[in-house]
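Asks: Would you mind keeping the following structure in view while I ask a few things?
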Amino acid sequence: MSTPANEPPVIELGNGAVAIAGRPILRGIDLTVRSGEFVALMGANGSGKSTLVRALTGLRPLASGSLSLFGTPFESFRDWRRIGFVPQRGGAGSGVPASVWEIVASGRLTHRRLLRPLGRRDRAAINEALEVVGLSHRANDGVTTLSGGQQQRVLIARALAGEPELFFLDEPTAGVDLPNQQVLADTLETLSVRGSTIVLVAHELGPMAPLIDRAVVMRDGRVAYDGPPLASADVATAHLDGHHHHHHEPERHDHAPHVSSLLDGAP
Ligand code: ADP
Ligand code: MG
1 MSTPANEPPV IELGNGAVAI AGRPILRGID LTVRSGEFVA LMGANGSGKS
51 TLVRALTGLR PLASGSLSLF GTPFESFRDW RRIGFVPQRG GAGSGVPASV
101 WEIVASGRLT HRRLLRPLGR RDRAAINEAL EVVGLSHRAN DGVTTLSGGQ
151 QQRVLIARAL AGEPELFFLD EPTAGVDLPN QQVLADTLET LSVRGSTIVL
201 VAHELGPMAP LIDRAVVMRD GRVAYDGPPL ASADVATAHL DGHHHHHHEP
251 ERHDHAPHVS SLLDGAP
């Protein structure tokens, strides 16, 4: 959280808009994320969370707006190894006959020199990532033999192996049982304590709630709320008022917010 004043934001999006097949999906998005922040990107299904993450990682072009990553305008940004992205589940586990270790090793590729085998430093990063998510003992097993929650942890380890400074995780807890959610929360806490910047897309925070510095709530392709994590009653009010509270110095909260399924009930 102790960002020097002269350090540029990790993410700076001004007046961002995305259209898909001519249909406006995101409009007027202002989002600044500073180094070390742990931001929860919330909102109902279809509100635009995944589209925003894709726009921020360059997977979906902006129709308009200005985006900078680590202080560099998106057009000239090349330092992709600083960014980790954990996609929604389905990728690693869907019939790919690869071992857990291979999947995690694939997250290290951006660090390798061209046509060079993995070095000792690479192997250490891969093994440590497996350790952090508690899957060292499954390294040689095929990913398809793992449970859904464990497969999700493999994807997180893959992102970890690249040692990125900025992590995007899109609904990593969806369909994951509570014990596995707790392992994910512990993993993210480790990253956060190490100083990583985390943008977590989540419908429900569950065990992640105590880790969150700031909540950004999407509704209908816009930011409906941006500020400290909220109790559910406040979220409902924020929605009714269309309140858009900017809050640039988030504090850590000792108590878990109760942002609940009220988010689903937004009109
Ligand atoms: P969320 O992640 O919050 O559930 P999305 O960003 O996936 O929301 O979707 C936001 C809106 O954009 C939805 O109305 C969805 O139907 C639309 N959308 C997202 N991706 C596509 C796509 N590839 N083609 C057409 N429409 C899309
Ligand atoms: Mg989504």
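Using the working numbering, you'd call the opening residue of the sequence shown number 1 and step up by one each time. Glycine included, each C-beta is placed from N, C-alpha and C at the ideal position.
Look up N180 in the DSSP assignment and say whether it is helix, strand or coil.
Replies: Translated into positions along the sequence shown, residue 180 becomes position 180. Three-state DSSP puts N180 in a helix.
Asks: Could you please give the first and the last residue of the uninterrupted beta strand (DSSP E) stretch that includes L52?
Replies: As a position in the sequence shown, residue 52 is number 52, starting the count at 1. Careful: L52 lies outside any beta strand (DSSP E), inside the alpha helix (DSSP H) at K49 to L56.
Asks: Given a cut-off of 8 angstroms on the beta-carbon distance, is the pair A17 and L26 in contact?
Replies: In the sequence shown, the residue the question calls residue 17 occupies position 17. In the sequence shown, the residue the question calls residue 26 occupies position 26. Yes, they are a contact pair.
Asks: Mind checking which residues open and close the alpha helix (DSSP H) that includes I103?
Replies: For the purposes of this step, residue 103 is taken as the residue at position 103 of the sequence shown. Element bounds for I103: V100 to S106.
Asks: Pick out whichever of D213, E165, P24 and E171 has its Cα sitting closest to the Cα of T285.
Replies: As displayed, the chain neither begins before 1 nor continues past 267, which places residue 285 out of reach and without an answer.
Asks: Going by the C-beta, is V201 closer than 7 angstroms to any heavy atom of the ligand MG?
Replies: In the sequence shown, the residue the question calls residue 201 occupies position 201. Yes, the beta carbon of V201 sits closer than 7 angstroms to at least one heavy atom of the ligand MG.
Asks: When DSSP labels each residue in this structure, what does F77 get in the three-state scheme?
Replies: Position 77 of the sequence shown, counted from the start, is the residue given in the question as residue 77. If DSSP states are grouped into helix, strand and coil, F77 belongs with coil.
Asks: Cβ atoms of L184 and I212: under 8 angstroms apart, would you say?
Replies: Numbered from its first residue, the sequence shown carries residue 212 at position 212. Numbered from its first residue, the sequence shown carries residue 184 at position 184. The Cβ-Cβ distance between I212 and L184 does not fall below 8 angstroms.
Asks: In this structure, does DSSP put A63 in helix, strand or coil?
Replies: Here residue 63 corresponds to residue number 63 of the sequence shown, with the count starting at 1. Here A63 sits in coil by DSSP.
Asks: Apart from the five residues just before and just after S35, which ones in its own chain have a Cβ nearer than 7 angstroms to its Cβ?
Replies: Residue numbering aside, residue 35 sits at position 35 when the sequence shown is read from its first letter. For S35, where only same-chain residues beyond five positions count, the Cβ hits under 7 angstroms are T3, E7, V10 and T197.
Asks: Less than 7 angstroms between the CB of D122 and some heavy atom of the ligand HEM, yes or no?
Replies: For the ligand HEM, the structure offers nothing, since it holds only the ligand ADP and the ligand MG.
Asks: Quick check: is any heavy atom of the ligand ADP less than 7 angstroms from the C-beta of A159?
Replies: To locate residue 159, count along the sequence shown from 1; it is residue 159. Outside the cutoff, so no.
Asks: I'd like to confirm the pairing. Which residues does DSSP put opposite D30 in its beta bridges?
Replies: Working through the sequence shown from its first residue, we reach residue 30 at position 30. Answer is none; D30 lacks a bridge partner.
Asks: If you draw a straight line from the alpha carbon of A21 to that of S106, how long is it in whole angstroms?
Replies: Mapped onto the sequence shown, residue 21 falls at position 21. Mapped onto the sequence shown, residue 106 falls at position 106. If I take the Cα positions, the gap works out to 32 angstroms.
Asks: Would you call A124 buried or exposed, if buried means 16 or more other Cβ atoms sit within 10 Å of its Cβ?
Replies: Residue mapping note: residue 124 aligns to position 124 of the sequence shown, counting from 1. Classification of A124: exposed, given that the 10 Å Cβ count is below 16.
Asks: Could you tell me if V176 is buried or exposed, where buried requires 16 or more neighbouring beta carbons within 10 angstroms of its beta carbon?
Replies: To locate residue 176, count along the sequence shown from 1; it is residue 176. Buried, because 16 or more other Cβ atoms sit within 10 Å of the Cβ of V176.
Asks: Given this structure, state the Cα-to-Cα distance separating Q152 from G65, to the nearest angstrom.
Replies: The sequence position of residue 152 within the sequence shown is 152, counting from 1. The sequence position of residue 65 within the sequence shown is 65, counting from 1. Going by the C-alpha atoms only, they are around 33 angstroms apart.
Asks: If we ignore side chains and look at the alpha-carbon of each, how far apart do P61 and L109 end up?
Replies: Walking along the sequence shown from the start, residue 61 turns up at place 61. Walking along the sequence shown from the start, residue 109 turns up at place 109. Cα to Cα, P61 sits roughly 24 angstroms from L109.
Asks: Let me confirm a value: L178 is counted as buried when at least 16 other C-beta atoms fall within 10 Å, else exposed. Which label applies?
Replies: Here residue 178 is taken as the residue at index 178 of the sequence shown, counted from 1. That one is exposed.
Asks: Look at the alpha carbon of V100 and the alpha carbon of V217, and state the distance between them as a whole number of angstroms.
Replies: For the purposes of this step, residue 100 is taken as the residue at position 100 of the sequence shown. For the purposes of this step, residue 217 is taken as the residue at position 217 of the sequence shown. Cα to Cα, V100 sits roughly 34 angstroms from V217.
Asks: Residue range of the beta strand (DSSP E) that E296 falls in?
Replies: Here the chain comprises residues numbered 1 to 267, so residue 296 is not present and cannot be evaluated.
Asks: So, with DSSP's three-state summary, where would you put A224?
Replies: The sequence position of residue 224 within the sequence shown is 224, counting from 1. Strand, per DSSP.
Asks: Could you spell out the range, first to last residue, of the beta strand (DSSP E) harbouring I156?
Replies: The sequence position of residue 156 within the sequence shown is 156, counting from 1. It is not in any beta strand (DSSP E) - I156 instead sits in the alpha helix (DSSP H) that spans G148 to A161.
Asks: In whole angstroms, what is the alpha-carbon distance linking A44 and E128?
Replies: Sequence index remark: in the sequence shown, residue 44 carries index 44 (1-based). Sequence index remark: in the sequence shown, residue 128 carries index 128 (1-based). Their Cα atoms are separated by approximately 35 angstroms.
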